[in-house]
Every structure is written in C-alpha cells, then in structure tokens.
Ligand SMILES: NC(=O)c1ccc[n+]([C@@H]2O[C@H](COP(=O)([O-])OP(=O)(O)OC[C@H]3O[C@@H](n4cnc5c(N)ncnc54)[C@H](OP(=O)(O)O)[C@@H]3O)[C@@H](O)[C@H]2O)c1
C-alpha cells in the first residue's frame, strides 16, 4: 500500500508559522497560475483515504467549507471528536497507532493513503510507513513555526524521483523513501 505525504513547506522546513499561521502559503498560492496545481488534483484522485492529525483537521475546519467531498478522511486524536453537521459521514475519528491503522486500512483494501499534518507525518515516518513524499517549496524563510519533521531517532534516506517548478516560483520535489539507518 502506498502511503504518501503531499505538503508545502517554507525554505526553512516549516509547514505553518507560529500558531498555525498559513498566510504566507495562502498568499503565495494565490499567485499560482490558473490550472497549474502542481499535480495536486491528480494526486488526490489517486488517494482512497486521507489520514490527518487533529490540528490539521481544526485548521481545515476554519476554512469554512469541507474541501474533501466524500473522500474517506480519518482524523487522529487521543480525545473524542464531535464533527459538525456539515461534515460528510465519510469522516471518522481514530486514536489507533500508525501501525494499527495501516494494518486495518490494508486489510480493508486501501491502496493509497495520504497522511497530512507534521506531527502525524512524523509518527508514520518514525515507524517506516511513509513510502513517498512530495514537497512543494515556497520561496520564503519563516524563521520559526511548525516544522515538517521535529525529531526522528533515525536518518531517513530518500531517492529523488521528480522535480518541477511553477511559474510563480514554487519548486516541487518528489522523493521515494528508501531506507532508515
Ligand atoms: N503547509 C502545508 O501544506 C500544511 C499541510 C497540513 C497541515 N499544515 C499545518 O500544520 C499544522 C498542524 O500540524 P501539526 O504538526 O501541529 O499537527 P497535526 O499532525 O495536524 O496534529 C497533531 C495531533 O494529531 C493527533 N494524532 C496524531 N497521530 C495520532 C495517533 N496515532 N493517535 C492519536 N492521535 C494522533 C494528536 O491529537 P490530540 O492532541 O488531539 O491527541 C496530535 O496532537 C496546522 O497549522 C496546519 O495548518 C500545513
């Protein structure tokens, strides 16, 4: 089963500024030429299940409209969650470990999971479950914020698969994970 990360970071490796600030990303994304989504729609179409951390879920809720349609989404939290009425039934809560969740989804026939949220990505990566990562580098140094990876006990080596740029200066790099040492 493929387990992907598809995420934008600042040049200094942050996925959000302090307190989850995404203004830098939203402003930069507004400059992306129409129709140039750097493969996001194609990627999403290939994903059968989205797994996201509670903090990312709360950020998505703050956008007002649920952007994932009826795509199955699993929100991870150690605490119970009450979903707003407008959230589709395909959104569920889990507190399973990455390994248990991976096993359950694999047994249920999942082929491609999208893992989102820095802390959540880190937990999946730490147990060797991430298979590929697509980073969209936004040309800004934030200086502080929420890192993509905070801390890992092992080095993770990746193989470069593809790079591309958008007209507005985003550089997107896709890697496959090859080994942990
Ligand atoms: N730049 C981008 O493209 C991008 C993409 C996604 C997100 N973001 C930003 O990143 C920020 C959120 O990232 P983050 O690293 O702070 O947090 P996160 O990964 O979204 O959420 C972390 C939380 O997820 C829960 N969690 C994760 N794994 C779990 C497990 N196995 N079992 C139970 N609970 C689990 C815990 O929730 P509880 O504390 O409730 O137990 C944990 O505190 C937001 O500001 C968001 O906007 C940016």
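In this note's numbering, the protein residues as written are 34 to 214. For each residue, glycine too, the CB sits at the ideal point set by N, CA and C. Model, not experiment: these values are computed from the prediction.
- Mind checking residue 136: buried by the 16 CB within 10 Å criterion, or exposed? Mapped onto the chain shown, residue 136 falls at position 103. Label assigned to residue 136: exposed.
- Query: Would the beta-carbon of residue 88 be found less than 6 Å away from any heavy atom of ligand 1?
  - Reply: As a position in the chain shown, residue 88 is number 55, starting the count at 1. At least one heavy atom of ligand 1 is nearer than 6 Å to the Cβ of residue 88, so yes.
- Message: In the DSSP assignment, the alpha helix (DSSP H) including residue 34 goes from what residue to what residue?
- Response: Numbered from 1 along the chain shown, position 1 holds the residue referred to as residue 34. First-last for residue 34: undefined, no H or E at that position.
- For residue 35, I'd like the list of residues in its chain whose CB is within less than 6 Å of its CB, leaving aside the five on either flank, ordered along the chain. Looking up residue 35 in the chain shown gives position 2. Result list for residue 35: 145 and 164, in chain order.
- Message: For ligand 3, I want to know if residue 205 counts as a neighbour, meaning its beta carbon is within less than 6 Å of at least one of the ligand's heavy atoms.
- Response: By its list of ligands, the structure shown excludes ligand 3, since it contains just ligand 1.
- Query: So, is residue 115 buried or exposed, given that buried needs 16 or more other C-beta atoms within 10 angstroms?
  - Reply: Within the chain shown, the letter at position 82 stands for residue 115. Label assigned to residue 115: exposed.
- Message: Suppose only complete runs of 3+ residues qualify. What are the beta strand (DSSP E) ranges in the region 41-112, listed by chain order?
- Response: 47-49, 82-86 and 106-109
- Where residue 225 falls: helix, strand or coil (DSSP): The displayed coordinates of the chain run from 34 to 214. Any statement about residue 225 would go beyond what the structure contains.
- Span of the alpha helix (DSSP H), counted from its first residue to its last, around residue 155: For the purposes of this step, residue 155 is taken as residue 122 along the chain shown, with counting starting at 1. That run of the alpha helix (DSSP H) goes 151-159.
- Task: Please indicate yes or no: does the CB of residue 92 lie closer than 6 Å to some heavy atom of ligand 1?
- Result: Locating residue 92 in the chain shown gives position 59, where the first residue counts as 1. Yes, since a heavy atom of ligand 1 falls inside the 6 Å radius drawn around the Cβ of residue 92.
- Please look up how many angstroms separate the CB atoms of residue 83 and residue 149, rounded, as I've assumed it's under 8 Å. Your numbering for residue 83 matches position 50 in the chain shown. Your numbering for residue 149 matches position 116 in the chain shown. Between residue 149 and residue 83 the Cβ distance is about 7 Å, and since that is below 8 Å, they are a contact.
- Message: I'd like the span of the beta strand (DSSP E) that includes residue 193, first residue to last.
- Response: Here the question's residue 193 lines up with position 160 in the chain shown. Residues 189-198.
- Taking residue 236 as the reference, which of 151, 50 and 78 has the closest Cα? Beyond the ends of the chain as shown, which are 34 and 214, falls residue 236; an answer cannot be given.
- Just to confirm, does residue 136 get its C-beta within under 6 Å of one of the non-hydrogen atoms of ligand 1? Taking the first residue of the chain shown as 1, we reach residue 136 at position 103. No, the Cβ of residue 136 stays beyond 6 Å of every heavy atom of ligand 1.
- Message: Run through the DSSP bridge pairs and tell me what residue 210 is partnered with.
- Response: Numbered from 1 along the chain shown, position 177 holds the residue referred to as residue 210. Paired residues: 191.
- Message: DSSP three-state label for residue 132, please.
- Response: Translated into the one-based positions of the chain shown, residue 132 becomes position 99. Residue 132: helix per DSSP, three-state reduction.
- So is residue 43 buried or exposed if we call it buried at 16+ other beta carbons inside 10 Å? The residue you call residue 43 lines up with position 10 of the chain shown. Buried is the call here.
- Are the beta-carbon atoms of residue 175 and residue 47 separated by less than 7 Å? Locating residue 175 in the chain shown gives position 142, counting from the first residue. Locating residue 47 in the chain shown gives position 14, counting from the first residue. In contact: residue 175 and residue 47 (Cβ atoms closer than 7 Å).
- Task: Find the nearest neighbour of residue 131 within the set 113, 109 and 75, judged by alpha-carbon distance.
- Result: Numbered from its first residue, the chain shown carries residue 131 at position 98. For the residues 113, 109 and 75, the minimum Cα distance to residue 131 belongs to 109.
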